[in-house]
Amino acid sequence: MGAENKLSFEFNPIVRGMKIADSNSLFPIHRVFCVGKNYAEHAKEMGSEIEKKEPFFFSKVPESITQVKKILIPEDTANLHHEVELVICLKKGGMNINVNAAHQCIFGYAVGVDLTKRDIQKKSKDKGHPWESAKSFDQSGPISEIKKYEEVVLKNNNISLLINGEEKQSASINMMVWGIEELISILSQKVILKPGDILFTGTPAGVGNIKKGDILEASIDEVGALKLNFE
Ligand code: MN
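See below:
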């Protein structure tokens, strides 16, 4: 210890706190991880196949995560896509977490939308460039209130998304290729997971375009619902 104890932050660190259902406390967001293809039908619509050997992860900046109801469509895309996903929120981390112990790390779940600039993603893929900028931008990961682990039973829960009242995505979360505990365990072999880390678990088929003026409604049975206006 010693001199280090006297040091203080030059300015306040930015911590993004997210609302928890039926609670007065906030969940502090640390890092945001996402799984690429985790529903076979979505992989197919993207012109590829599920990678059975190992799931594929990418990240979003913490600034992606928001609970505001109005989302501004960025000016640099002509094809913003919706991807409804179950989001796992961790209260405990570690490395090389055993599948059977992974549930002990879970604080709760939320409904999330992995907003994606599909045109920019495609351009980047074609050029062999990283497609981070298509996925990781402000407000690119709106989520519902977080529901505590103890209050949710996950089994064959329906996951769905409507645009202007019309159903675009609908599936059961048991269609995920990699399960919740498996994803936590595998991710913990790559990074040292920390409390506050969250994980988007992939989207079912039916992704599509969002335009200014659209109303998006996303829900997962037992977990919650999310209604967003796009401007
Ligand atoms: Mn996604």
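If you're matching positions, the sequence shown starts at 10 in my numbering and goes up one per residue.
Every residue, glycine too, gets a C-beta built ideally from N, C-alpha and C.
Taking the Cα positions, K28 is about 8 Å away from Q76. In the displayed model, K144 falls within a helix according to three-state DSSP. Between the alpha carbons of I97 and L208 lies a gap of roughly 5 Å. In this structure, P151 sits away from Q178, with a CB-CB distance that is not shorter than 7 Å. For S169, the secondary structure class from DSSP, reduced to helix, strand or coil, is strand. Residue range 127–136 is occupied by the alpha helix (DSSP H) that includes R127.
Only buried fits F146, as 16 or more other CB atoms lie within 10 angstroms of its CB. L196 is classed as buried because its beta carbon has at least 16 other beta carbons within 10 Å across all chains shown. The shortest CA-to-CA distance from G45 to any of H39, G26, F36, L95 is the one to L95. When only Cα atoms are considered, E141 and V93 end up about 19 Å apart. For L163, the closest alpha carbon among the candidates S194, A119, K101, I201 is that of A119. Burial of S149 is indicated by the presence of at least 16 other C-beta atoms within 10 angstroms of its C-beta. The bridge partners DSSP lists for E175 are I172. Straight across, the Cα-Cα distance linking K78 with I106 is about 35 Å.
Across the set M184, L202, M104, H91, the C-alpha of H91 shows the shortest separation from the C-alpha of F239. Taking every protein chain shown into account, the CB of N167 has fewer than 16 other CB atoms within 10 angstroms, so this residue is exposed. Under the 8 Å Cβ criterion, the stretch 183–192 does not count as touching the stretch 132–140, having fewer than three qualifying pairs. A direct Cα-Cα distance of roughly 12 Å separates N109 from I115.
Taking all protein chains in view, the Cβ of H112 is surrounded by fewer than 16 other Cβ atoms within 10 Å, so the residue is classified as exposed.
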